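The next block holds one structure in the form of structure tokens; read it before the comments.
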């Protein structure tokens, strides 16, 4: 394989792809019904790729600028002056911006992928490196798009009105002239007419209670398993995770039956004892590992100084394992906040609904889609904020404990 | 028994430590017992019993008290009627009786033979023995009385004392009535094998897909580039966000009429008509003149599973890859190993352990997955897995027993998986 071929291929793929992605982004951002003209873009990329292979970095002083301008000119001329917008649906500055973005992104991608390759023959090592770089870029682009698009659609749909969604489902442009109250009308309606304040409070109460109960149970338990000698200790640490493999769907029928008979099914209290039961095993597992890593000398020193074991837990072990406790707390909060099955099965009373339960009832043909998406945003925002704020803790919590989903 | 003082001291300390350990573990143990292990056994119990959803409301004696005739001036004759009914349509009540307080100021003239009057402190009580009541049984007891003191008796006072009931109800949940009907029903249903097949497709492809995508994402994030930590955070969004939110955004995104994907496909000319991604069992795809039936809804829920859980594999694999010492790669580089050779012979062996653990655990969890499919398709269009079937049987068809039987089937599969998992889990993977 020659560098010329590799380079041309790179140009074709990248400029074509960026053209596709930018067209779609422009459609979503403006609502204009742009057509897709991949041919000219791919051909421009091919020519730019050949250029990249011929032009060694040393030969031309401003290679990057030249490349970008080259792609822009090629795109412009191959598409007969209308690289993105043959029917003039966009403002001139928008078309220009798209052209600049496509050329710059296209050239930078080519540069990054082709690397030090030249027009001549490529070794096996060089070929593999080239393909890895190509797939690295393609993969990154794919992952970012597939992860971001559903969230983008969720947020944007929640800001639209029923009317504009009907006219053009692709139009996610934000009309700032409407004013804040119009834009956020779905959210306002959820809080005023659908009682979302109650849902938020219920979810928060249940989640915080679950975190507190889980910690109250699992910190002493994990300490016992990690530091104290007793018969059955090995067996216990092994079986903790097996409990974790028992799925909620097996427990839901008997728990539903038992709680119904006891008359406590339709209550937040029921959730506050079921959620901890599902989170305590993993909390014990995570904390046990951390406690076991603390030097036993500290405990012995504490005992010498006349502390009881309970005082050792509260005064020595817990302050030292704050990072672990924080990640357990965050992880448990996330599980409780996101939980759906038990909330769905147990709660009948609208006043007791948690967010998950409340949003399910928004999924009907009578409730407009933007309300459903606004509800989804309200449920997502707190966990995502917590996650971004404490990402370090949560990530270590996730890796330590979560093979669960 | 005599011991030396030293061993006595050690023994006492060890015993105290043991007692403390059990004490510290006791709350956890009780909670797990009550909420996980006991229900697990109860599920087996229910699976052998003819329980319907309606049976959860236990049979009870329902009494309606009615007054006939004027109650105004002394000498008025009136009737107090107690209508009773067994609320259950299936189960009898035994040793039923009712009791009600009667105010002073009235003279009882006729009394139903089943009833007697007991004078107690603070008033008179009427006590009626109803005996055994068959399912759906109903009847009426009448008491005739003459008003003596209007000051003491009126409708409100008579109504204010609610009759109390006593009875022994047979509860289907606690009775010793067993049946194999649930299992027969589950296994003989024509769809059962389809459900099992769907479950296995979903689990195998979902797990493998999430693992492969996680591996790919981890490879990408190994390189350092500007914005890497932001993108790493972004990659975790699908896993961290509530299932309810992401499932419904997918539903909205792929809606056949107003969804972005369908509108985009139509506008760019990639599809001829709207595709009902989550509502259609099969779609015909022609490739080179060959028409293939593509299970579209099932593929979509599998894609969703991959999308939502690749971040988890990604995190684990990335953490493992970053712990590989870099000097072995430098050595391989010196020996002229190409990047792919390095990946196959250096990276893969290092992450094989974590891949195996992830595969087995994710396999079990994907098999157990309920929320995602339930929210996306409701188990329709060929996406009904065993877990969705539990819900379908127990709560949609209201046959708790059959639902529990499906749950038992799931549990048996889990046992098999766990045994395999314990047999083959690599010891060094963490």
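Residue numbers (the numbering used here), protein chains in the order written: chain V, 281 to 685; chain U, 10 to 439.
Ideal Cβ positions, reconstructed from N, Cα and C, are used throughout, including at glycine.
Note that the coordinates shown come from a computational prediction; the quantities given were computed from them, not determined experimentally.
| query | Any contact of the stretch 525-542 of chain V with the stretch 409-417 of chain U, i.e. 3+ C-beta pairs under 8 Å? | reply | Yes: the two stretches touch, three or more of their Cβ pairs being nearer than 8 Å.
| message | What would DSSP say about residue 355/U, mapped onto helix, strand or coil? | response | Taking the first residue of the second chain as 1, we reach residue 355/U at position 346. Secondary structure at residue 355/U: helix, using DSSP grouped into helix, strand and coil.
| field | Chain-ordered chain U contacts of residue 643/V [CB-CB under 7 Å] | value | Taking the first chain and counting its residues from 1, one reaches residue 643/V at position 363. In chain order: 257.
| request: Give every residue of the same chain whose Cβ lies closer than 8 Å to the Cβ of residue 544/V, excluding the five residues on either side of it in the sequence, and list them in chain order. | output: The residue given as residue 544/V occupies position 264 in the first chain. For residue 544/V, where only same-chain residues beyond five positions count, the Cβ hits under 8 Å are 550.
| field | Pick from 628/V, 436/V, 308/V and 566/V that is closest to residue 500/V, judged by C-alpha positions | value | Here residue 500/V refers to the residue found at position 220 of the first chain. A check of alpha carbon separations from residue 500/V across 628/V, 436/V, 308/V and 566/V identifies 566/V as the nearest.
| said: Please tell me whether residue 283/U has its Cβ less than 8 Å away from any Cβ of chain V. | reply: On the second chain, position 274 is the one that residue 283/U refers to. Taking Cβ atoms only, chain V never reaches closer than 8 Å to residue 283/U, which makes this a no.
| said: Starting from residue 579/V, trace the beta strand (DSSP E) in both directions and tell me its first and last residue. | reply: Within the first chain, the letter at position 299 stands for residue 579/V. No beta strand (DSSP E) contains residue 579/V, which is instead part of the alpha helix (DSSP H) from 576-584.
| residue 652/V touches chain U at which residues, Cβ-Cβ below 8 Å? | To locate residue 652/V, count along the first chain from 1; it is residue 372. Those are 257 and 261, listed as they occur along chain U.
| In the structure shown, what three-state DSSP assignment does residue 684/V receive? | For this step, residue 684/V is matched to residue 404 along the first chain. In this prediction, residue 684/V has a pLDDT of 44, which is less than 50 and means its spatial position is unreliable; what the coordinates show is noted afterwards. Coil at residue 684/V, not helix or strand.
| Exposure label - residue 684/V; buried when at least 16 CB within 10 Å | Against the first chain, residue 684/V aligns to sequence position 404. With a pLDDT of 44 at residue 684/V, under the threshold of 50, the modelled position of that residue is not reliable, and the figure given next carries that caveat. Flag for residue 684/V reads buried.
| query | Does the beta carbon of residue 591/V come closer than 8 Å to any beta carbon on chain U? | reply | On the first chain, position 311 is the one that residue 591/V refers to. Cβ-Cβ to chain U under 8 Å: no for residue 591/V.
| task | May I ask whether a heavy atom of the ligand ADP can be found less than 7 Å away from the beta carbon of residue 41/U? | result | Only the bare structure without any ligand can be found here, which leaves the ligand ADP out of the picture.
| said: Runs of 3 residues minimum, wholly inside the stretch 36-118 of chain U: which ones carry the beta strand (DSSP E) assignment? | reply: Correct list: 70-77, 86-95 and 102-111.
| Looking only at its own chain, which residues have a Cβ that is under 6 Å from the Cβ of residue 638/V, when we skip the five neighbours before and after it? | The count along the first chain starts at 1 and reaches residue 638/V at position 358. 479.
| said: I want to see whether chain V comes within less than 8 Å of residue 207/U, judged by CB atoms only; does it? | reply: The residue labelled residue 207/U in the question sits at position 198 within the second chain. No, no contact with chain V.
| task | Quick one: grab the DSSP three-state call for residue 526/V. | result | Locating residue 526/V in the first chain gives position 246, where the first residue counts as 1. DSSP, read as helix, strand or coil, puts residue 526/V in coil.
| query | Whose C-beta lies closer than 8 Å to the C-beta of residue 381/U among residues of the same chain, with five residues either side of it excluded? | reply | Counting from 1 along the second chain, the entry for residue 381/U is found at position 372. In its chain, beyond the 5 residues on either side, 252, 256, 310, 313, 314 and 317 have a beta carbon closer than 8 Å to the beta carbon of residue 381/U.
| task | Would you kindly report the start and end of the unbroken alpha helix (DSSP H) that includes residue 201/U? | result | Numbered from its first residue, the second chain carries residue 201/U at position 192. Under the DSSP assignment, residue 201/U falls in the alpha helix (DSSP H) whose first and last residues are 201-231.
| Is there a Cβ from chain U that is less than 8 Å from the Cβ of residue 304/V? | Numbered from its first residue, the first chain carries residue 304/V at position 24. Interface residue, yes.
| query | Are the stretch 106-120 of chain U and the stretch 34-45 of chain U touching, with three or more C-beta to C-beta distances below 8 Å? | reply | Too few Cβ pairs lie closer than 8 Å, so no.
| task | May I ask you to list, following chain order, the residues of the stretch 599-611 of chain V that have a beta carbon less than 9 Å from some beta carbon of chain U? | result | Listed in sequence order: no entries.
| Between which two residues does the beta strand (DSSP E) containing residue 295/U stretch? | Start at 1 with the first residue of the second chain, and residue 295/U comes out as number 286. It spans 292-296 - the beta strand (DSSP E) in which residue 295/U sits, taken as one unbroken run.
| query | For residue 512/V, does the count of other Cβ atoms within 10 angstroms reach 16, so buried, or fall short, so exposed? | reply | Walking along the first chain from the start, residue 512/V turns up at place 232. Its Cβ having fewer than 16 others within 10 Å, residue 512/V is exposed.
| message | Measuring CB atoms only, is the stretch 230-249 of chain U touching the stretch 359-368 of chain U, in the sense that at least three cross pairs come out at less than 8 Å? | response | Too few Cβ pairs lie closer than 8 Å, so no.
| Between which two residues does the alpha helix (DSSP H) harbouring residue 381/U extend? | Taking the first residue of the second chain as position 1, residue 381/U is located at position 372. It spans 380-385 - the alpha helix (DSSP H) in which residue 381/U sits, taken as one unbroken run.
| query | For residue 31/U, which residues in chain V fall below 7 Å Cβ to Cβ? | reply | On the second chain, residue 31/U is found 22 positions in, with the first residue counted as 1. Chain V residues near residue 31/U: 510.
| Shorter than 8 Å from the beta carbon of residue 685/V to some beta carbon of chain U? | If you number the first chain from 1, residue 685/V lands on position 405. Because residue 685/V sits at a pLDDT of 42, beneath the cut-off of 50, its placement in the model cannot be relied upon, and the following sentence gives the value as read from the coordinates. Interface residue, yes.
| task | Determine which residues share a DSSP beta bridge with residue 128/U and list them. | result | As a working mapping, residue 128/U is identified with position 119 in the second chain. As DSSP reads the structure, residue 128/U sits in a beta bridge with 133/U.
| query | Taking buried to mean at least 16 other C-beta atoms within 10 Å of its own C-beta, is residue 239/U buried or exposed? | reply | Counting from one through the second chain, the residue named residue 239/U turns up at place 230. Its Cβ having fewer than 16 others within 10 Å, residue 239/U is exposed.
| task | Please decide whether residue 153/U counts as near chain V, where near means a Cβ-Cβ distance under 8 Å. | result | As a working note, residue 153/U is residue 144 in the second chain. Answer no: the Cβ-Cβ gap between residue 153/U and chain V never drops below 8 Å.
| Do the CB positions of residue 355/V and residue 382/V come within less than 8 Å of each other? | Counted from its first residue, the first chain places residue 355/V at position 75. Counted from its first residue, the first chain places residue 382/V at position 102. Yes, Cβ-Cβ distance for residue 355/V and residue 382/V is below 8 Å.
| message | Please return the same chain residues whose Cβ sits closer than 7 Å to the Cβ of residue 204/U, not counting the five positions on each side in sequence. | response | The residue labelled residue 204/U in the question sits at position 195 within the second chain. Correct list, in chain order: 393, 394, 395 and 398.
| request: Report the neighbours of residue 348/U on chain V: residues whose CB is nearer than 8 Å to its CB, in chain order. | output: As a working note, residue 348/U is residue 339 in the second chain. Listed by position along chain V, the residues whose Cβ is nearer than 8 Å to that of residue 348/U are 405, 408, 409 and 412.
| Cα-Cα, which of 661/V, 641/V and 621/V is closest to residue 630/V? | As a position in the first chain, residue 630/V is number 350, starting the count at 1. Looking at the Cα atoms, 641/V is the closest of the given residues.
| query | Which residues does DSSP pair with residue 303/U in a beta bridge? | reply | If you number the second chain from 1, residue 303/U lands on position 294. According to DSSP, which records beta bridges pairwise, residue 303/U is partnered with 292/U.
| task | Return helix, strand or coil for residue 295/V, following the three-state DSSP convention. | result | Position 15 of the first chain, counted from the start, is the residue given in the question as residue 295/V. In the three-state scheme derived from DSSP, where H, G and I count as helix and E and B as strand, residue 295/V is classed as helix.
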